[in-house]
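Novice: One structure follows; several queries about it will come next.
Residue numbers (my numbering): 10 to 430.
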């Protein structure tokens, strides 16, 4: 879980913030009402990802709390009751990601939204395409507090090569217009042949005084345009807005592709994605692994503790798998307590070691709900190698899962096959 620091001396505002943060999952929020308490929290938690800070505290009235966050390189959003000349001067001198005025109830929602946006950006990749090293470095510095991962390219051709080879999902391209080899407009046209506006945002940058350049970029697929010279606030705001747009599209897509209970992919999406991976593996004569994993004696959990606890047990599968699998492994809930995992680029030896580690992780994993503590084991069946079809892999993994159940549960069975032999 990603850690957040919240410092606010007003108990009323702090209560409102706690209520708003409670709406979000996979975060751990540390609350403090003074500079002294905040210092202790930061020293004990060096992995805090972002902070929401009241700039005027009883023991730190002049923005010292922001200096503390800067010292520990924590991206910060500032809360302030007013924005008089003194406060504005303090804010302008500090390196912050943004500020919110606490003048209305909606300010709390906006503040938390800003913090969650920073957290989301840790998983967001932005490509800067610019032939000038000086301008690339300027843009990198400007985007530092947005917390995005940055990939660089010196021209459009290099950018396209990176898109072909990288495993990272690039959400935003910021491209200059005039570059050697391939300019920004040609790059935009090429990218739009592959990626829709719901998959990739493009911001074009140019110092050209020719207004038709803007028209051309927007006509051929750019989402936005920035004129050189540009300000820090303009670049940050336009970057954040374009990233938020992509995240919104992803959220809508996830609603259709994800299982509502666990957040894993659903059966429909699994087949769409897995069939493409299977076809690619077959073309390259590469081995694939398909694992089916199932909770042992799940009915006993439901009968003993109730269906709400059963749902928690199912959600725990996703948590255990997430901490053991790679980001690009395909995980889907097939129904009930059964999950399927498709793995590429893995040897049979590593596969066996991985799922034995997962088996032991489940065996030792204790689930705590108030005063209740329980744990469960899982059985796994795996098909590994080169097969005629994805359906064949599923059939074999199911058969191996059945063997695991019949032979006493809490075990992994694997069958290897190479259809070329």
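Using N, Cα and C, we set each Cβ at its ideal position, and we do this for glycine too.
Ordered along the chain, which non-local residues of its own chain (more than five positions away) have a Cβ less than 8 Å from that of residue 83?
Specialist: Answer for residue 83: 14, 51, 57, 58, 59, 60, listed in chain order.
Novice: Using the C-alpha atoms, what's the distance from residue 169 back to residue 196?
Specialist: For residue 196 and residue 169, the distance between alpha carbons rounds to 8 Å.
Novice: Identify the continuous alpha helix (DSSP H) that holds residue 313 and give its terminal residues.
Specialist: Counting along the chain, the alpha helix (DSSP H) containing residue 313 begins and ends at 307-314.
Novice: Which word fits residue 415, buried or exposed, when buried means at least 16 other C-beta atoms lie within 10 angstroms of its C-beta?
Specialist: When all chains shown are included, residue 415 counts as exposed.
Novice: If you compare alpha carbons, which of 258, 252, 211 is closest to residue 235?
Specialist: Nearest of 258, 252, 211 to residue 235, Cα basis: 211.
Novice: Within its chain, find whatever has a CB closer than 8 Å to the CB of residue 160; leave out the 5 residues flanking it on each side and keep chain order.
Specialist: Result list for residue 160: 134, 135, 136, 137, 171, 175, 177, 179, in chain order.
Novice: Write down every uninterrupted run of the alpha helix (DSSP H) in the stretch 315-391 whose length is 4 residues or greater and which is fully enclosed by it, in chain order.
Specialist: List check, alpha helix (DSSP H) in window: 316-331, 357-373.
Novice: Take every Cβ of the stretch 322-330, pair it with every Cβ of the stretch 276-283, and state whether three or more of those distances are shorter than 8 Å.
Specialist: The stretch 322-330 vs the stretch 276-283: no contact.
Novice: Taking the alpha carbon of residue 198 as the point to measure from, which residue in 223, 228, 221 has its own alpha carbon closest?
Specialist: Minimum Cα distance to residue 198 is reached at 228.
Novice: Taking residue 123 as part of the alpha helix (DSSP H), name the residues at either end of that continuous run.
Specialist: Residues 115-130.
Novice: Count the other CB atoms within 10 Å of the CB of residue 402; is the residue buried (16 or more) or exposed (fewer)?
Specialist: It is buried - the Cβ of residue 402 has at least 16 other Cβ atoms within 10 Å.
Novice: Figure out for me which residue from 218, 344, 310 has the closest Cα to the Cα of residue 275.
Specialist: When only C-alpha atoms are compared, the closest one is 344.
Novice: With a threshold of 16 other CB atoms inside 10 Å of the CB of residue 10, please say whether the residue is buried or exposed.
Specialist: By the 10 Å Cβ count, residue 10 comes out exposed.
Novice: If you draw a straight line from the alpha carbon of residue 430 to that of residue 288, how long is it in whole angstroms?
Specialist: The pLDDT assigned to residue 430 is 47, lower than 50, so where the model puts this residue is not dependable; a value taken from the coordinates is nonetheless given after this. Roughly 19 Å between the two C-alpha positions.
Novice: Put residue 166 into one of helix, strand or coil per three-state DSSP.
Specialist: Reduced to three states, the DSSP call for residue 166 is helix.
Novice: Short of 7 Å in beta carbon distance, which residues of its chain neighbour residue 192, apart from the five on each side in sequence? Order them along the chain.
Specialist: Correct list, in chain order: 165, 186.
Novice: Identify which residue in 422, 148, 189 has its Cα closest to the Cα of residue 364.
Specialist: When only C-alpha atoms are compared, the closest one is 422.
Novice: Quickly, what does DSSP pair residue 200 with across the bridge? List them, please.
Specialist: DSSP, once it has assigned bridges, lists no residue as partnering residue 200.
Novice: Using 10 angstroms around the beta-carbon of residue 264, count the other beta-carbons present and answer buried if the total reaches 16, otherwise exposed.
Specialist: Residue 264 comes out exposed.
Novice: What is the rounded straight-line gap between the Cα of residue 384 and the Cα of residue 32?
Specialist: Using only the alpha carbons, I get a separation of about 27 Å.
Novice: On the DSSP letters alone, give me the boundaries of the alpha helix (DSSP H) that residue 144 sits inside.
Specialist: That run of the alpha helix (DSSP H) goes 142-152.
Novice: Our contact map puts residue 48 next to residue 155 with C-beta atoms below 8 Å; I'd like the distance itself, whole angstroms only.
Specialist: So it is not a contact: roughly 26 Å between Cβ atoms.
Novice: Once the 5 residues before and after residue 217 are set aside, which same chain residues still bring their CB inside 7 Å of it?
Specialist: Cβ neighbours of residue 217 beyond the five flanking positions: 186.
Novice: Would the stretch 352-360 and the stretch 253-272 be scored as touching if the rule is three or more Cβ pairs under 8 Å?
Specialist: No: fewer than three Cβ pairs fall under 8 Å.
Novice: Between which two residues does the beta strand (DSSP E) containing residue 301 stretch?
Specialist: Here the beta strand (DSSP E) through residue 301 covers 297-304.
Novice: In this structure, how does DSSP classify residue 39 when only helix, strand and coil are distinguished?
Specialist: Three-state DSSP puts residue 39 in a strand.
Novice: Would you tell me roughly how many angstroms separate the C-alpha atoms of residue 332 and residue 316, rounded to the nearest one?
Specialist: Going from the Cα of residue 332 to the Cα of residue 316 covers about 25 Å.
Novice: How about residue 29 and residue 87: are their beta carbons less than 8 Å apart?
Specialist: No, the Cβ-Cβ distance between residue 29 and residue 87 is not below 8 Å.
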